[in-house]
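Chains as they are written, first to last, in this note's numbering: chain X, 47 to 154; chain B, 1329 to 1960. Beta carbons: idealized from backbone N, C-alpha and C, even for Gly.
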């Protein structure tokens, strides 16, 4: 429930919060866009680029199979990249804001 | 909840299956063994429930396990909640029958968690309390938001639940031959025991146990399946494409063009797309429903309220993605292994959808159908499948019951004025109601085609819950008007599109197909009878007799269909044929859901939604004032 001691609008305007929000949004939505594009490339490729998917690259393993397996690697990779940056950068920025939150807005 | 009640409950459950024997994949002499393994798993989960029941006193314990589940534990629990029998047995089955397409199908189920990780898990943990309704009520009108959220939660969960109950009933019947009704009641009663006595604490542990068992079983099976090929991927796949059973299956699937293809080409075709998934638009539509729907699934969302902080929510999704993704990679080996060791013909003879691929592979690697170890493996896999159904159903019932008690009864009816005792009692009563309804629906829906209900649940979640949650969290102008309009229209559109799609049963088409079988039957039966009479030795006679029996069974089935639909020509919405060819509604209903949240917000004025934006945005990003873990 809303805590009257906090001046939310002031935190929202605080340069540190604006910076956290700016970095986080750009990063999150780019990762999201990459993963969606990469994911939908699989059914589209399987439907419209079957000749490409059939090319054998290693024994019976073809491009299609490599691509499908790469979907797992890309999904895990995105998760790992996000977690690494969130753990180091975003969490630190957020805790800085939390530490100062109660006093924000007092001078304005 | 007394200790005695719980024991009586456990005893009743343990005795239930023994009275109902019939035929299944497990042979009669190994049924005792199977029930033994079942009993061990049930005893373990009941013990956990007994321990949990003593802890569950407050609403926070009941709905959110006191927010004391660790990130790693929650990762396993999410995997346990998510990997339903459909993915455990269904995807391995699809791969065993259709090769590449089955594997491709599994990818979307993992990619879905990217959405959960990036935009849903942490913000929801930071601003939410117990339910989807809590998240939406943060800045929107609480009563209206909680009402639509509860309606949507119950709708989504009921579709998913029906698919699980019916699928589970059929599965247990196919595996060990327990009557359908008995297995539905057993699943329902067990799940009720976990949820009612142990709330989220027991549900979490049942899901963790099930996930660990599932992963263990899969790793063991893959080890034995892959070992003969020296753990070489090309070596294993070379064996797959060269296998005569695989070549025969592809020949059957490809049809006429197979005549122009060499055996090597036919085998290789198994690793190429197009044997199962024919309509790319349908696949993209399903993909959209998965990628956006998982993040809107109330029972998945609820799991993020069980961890102490947003960091733990993040950690739990990372773990869940590792477990779920790893499991789907293993299913490639399970499916392909079943294709070469068991064969598509034998798998689809027991179950046309391929659900028996995993269990039959287990029996094979253990030494075959006459070996003790083989049957122990089969019993283990069957017990894991059973635990899977119960764990998934428990999560769904808990989500629906929470929507009923927390959102509707406490939030709307009592205006947030309820004591801890009242709320926990309401939650337990709601669980009993939802659980009994699940059993009734499961029994009433016997014999119905419910496979599409899982996809529909995801489509509704993606078209209704996800747009509302996403825009509430990230769009400043979003408000109550948008949330109510978007959720109702999104859900309605997804359901309506499925009602007029080829997923429904169209009696006219069914009767035409049945009539064809009936018309052709006399000539075929005469020929088969002659073949039996002309058979020279016992083996030929047995084969011919089997063919004749199958013809007679087909004829009986077709006559049954004609009788069943004698007085009706139209589907339940009054159509003779589907209006659309699309089976998955997501591609239309998801954008529509987003559009309606947008339009509703533009044309509605809501001061609270505007005023609360700063607080919501700061809190979802920082976790200030997030619900803390309860001390215990």
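If you drop the 5 nearest sequence neighbours on each side, which residues of the same chain put their C-beta closer than 6 Å to that of residue 120 of chain X? 84
Are at least three pairs of beta-carbons, each pair with one atom in the region 1449–1456 of chain B and one in the region 1721–1737 of chain B, less than 8 Å apart? no
By Cβ distance below 6 Å, which residues in the same chain neighbour residue 100 of chain X in space, the five residues on each side in sequence not counted? Taking C-beta separations shorter than 6 Å and ignoring five residues to either side along the sequence, the partners of residue 100 of chain X in its chain run 108, following chain order.
Against chain B, with Cβ distances strictly below 7 Å, would residue 78 of chain X count as a contact? Yes, because at least one Cβ of chain B sits closer than 7 Å to the Cβ of residue 78 of chain X.
Compare the C-beta of residue 1750 of chain B with all C-beta atoms of chain X and state if any pair is closer than 7 Å. no
Quick one: what does DSSP say residue 1823 of chain B is sitting in, helix, strand or coil? helix
Specify, as a first and last residue, the run of the alpha helix (DSSP H) that residue 1540 of chain B falls within. 1508–1554
To which residues does DSSP link residue 104 of chain X through a beta bridge? X:107
With 8 Å as the C-beta to C-beta threshold (strictly closer), list the residues of the region 55–82 of chain X near chain B in chain order. 55, 57, 58, 63, 66, 67, 70, 74, 77, 78, 81 and 82
Report yes if the C-beta distance between residue 1717 of chain B and residue 1509 of chain B is below 7 Å; otherwise report no. no
On the three-state DSSP scale, how would you describe residue 1905 of chain B? coil
Could you check how far apart the C-beta atoms of residue 1656 of chain B and residue 1807 of chain B are, in whole angstroms? I think they sit under 8 Å. Contact doesn't hold; Cβ gap of about 39 Å is too wide.
Chain-ordered neighbours of residue 110 of chain X on chain B, where CB pairs are closer than 9 Å: 1428, 1432, 1599, 1600 and 1601
Between residue 1710 of chain B and residue 1846 of chain B, what straight-line distance do the alpha-carbon atoms span, to the nearest angstrom? If you draw a straight line from the Cα of residue 1710 of chain B to the Cα of residue 1846 of chain B, it is about 37 Å long.
Residue 105 of chain X CB to nearest chain B CB: under 7 Å? yes
With three or more beta-carbon pairs closer than 8 Å as the criterion, would you say the region 1424–1432 of chain B touches the region 1674–1682 of chain B? yes
Would you say residue 1653 of chain B lies against chain X (beta-carbon separation less than 7 Å)? yes
Under a Cβ-count criterion, where at least 16 other Cβ atoms within 10 Å of its own Cβ denotes burial, should residue 1686 of chain B be classed as buried or exposed? buried
Run through chain B and tell me which residues come within less than 8 Å of residue 90 of chain X, C-beta to C-beta. 1608 and 1612
So residue 1705 of chain B packs on residue 1554 of chain B, CB below 8 Å; how close in whole Å? Rounded, the Cβ-Cβ distance is 16 Å, inconsistent with contact.
Sequence-distant residues of the same chain with beta carbon closer than 6 Å to residue 1349 of chain B, five excluded per side: For residue 1349 of chain B, the predicted structure reports a pLDDT of 40, less than 50, and the residue's modelled location is therefore unreliable. The matter cannot be settled from this model.
List the residues of chain X that residue 1950 of chain B touches, going by C-beta distances under 7 Å, in chain order. 140, 143 and 144
Let me see if you follow: with CB-CB separation under 7 Å, is residue 1569 of chain B close to chain X or not? For residue 1569 of chain B, the answer is yes, since a Cβ of chain X falls inside 7 Å of its Cβ.
Cβ shell of residue 1953 of chain B (< 7 Å), same chain only, five flanking positions each side left out: 1947
Could you work out which residue in B:1722, B:1429, B:1559 and B:1610 is closest to residue 1581 of chain B when comparing CA atoms only? B:1429
How about residue 1921 of chain B and residue 1829 of chain B: do their beta carbons lie closer than 7 Å? Cβ atoms of residue 1921 of chain B and residue 1829 of chain B: not closer than 7 Å.
Suppose only complete runs of 4+ residues qualify. What are the alpha helix (DSSP H) ranges in the region 1651–1682 of chain B, listed by chain order? Restricted to the region 1651–1682 of chain B, the alpha helix (DSSP H) segments that are unbroken, complete and at least 4 residues in length are 1672–1678, listed in chain order.
Three-state class that DSSP yields for residue 1634 of chain B in the structure shown: helix
If you draw a straight line from the alpha carbon of residue 1870 of chain B to that of residue 1900 of chain B, how long is it in whole angstroms? Spanning the alpha carbons of residue 1870 of chain B and residue 1900 of chain B requires a straight line of approximately 43 Å.
So with Cβ pairs under 7 Å, would you call residue 1582 of chain B a contact of chain X? no
Shorter than 6 Å, the distance from the beta carbon of residue 58 of chain X to the closest heavy atom of the ligand COA, or not? With respect to the ligand COA, the structure offers nothing, as it holds no ligand at all.
Continuous alpha helix (DSSP H) assignments of at least 4 residues falling wholly in the region 1829–1904 of chain B: Fully enclosed alpha helix (DSSP H) runs of 4 or longer: 1835–1862 and 1866–1892.
Relative to the alpha-carbon of residue 126 of chain X, which residue among X:69, X:77, X:67 and X:64 has its alpha-carbon at the smallest distance? Shortest Cα-Cα distance from residue 126 of chain X to any of X:69, X:77, X:67 and X:64 involves X:77.
Going by DSSP, what residue range makes up the alpha helix (DSSP H) through residue 67 of chain X? 61–94 is the extent of the alpha helix (DSSP H) around residue 67 of chain X.
Give the straight-line distance between the Cα atoms of residue 1381 of chain B and residue 104 of chain X, rounded to the nearest whole angstrom. 55 Å
Can you find at least 3 beta carbon pairs, one from the region 1884–1893 of chain B and one from the region 1844–1859 of chain B, that sit closer than 8 Å? Touching, yes, given that three or more Cβ pairs across the two stretches are closer than 8 Å.
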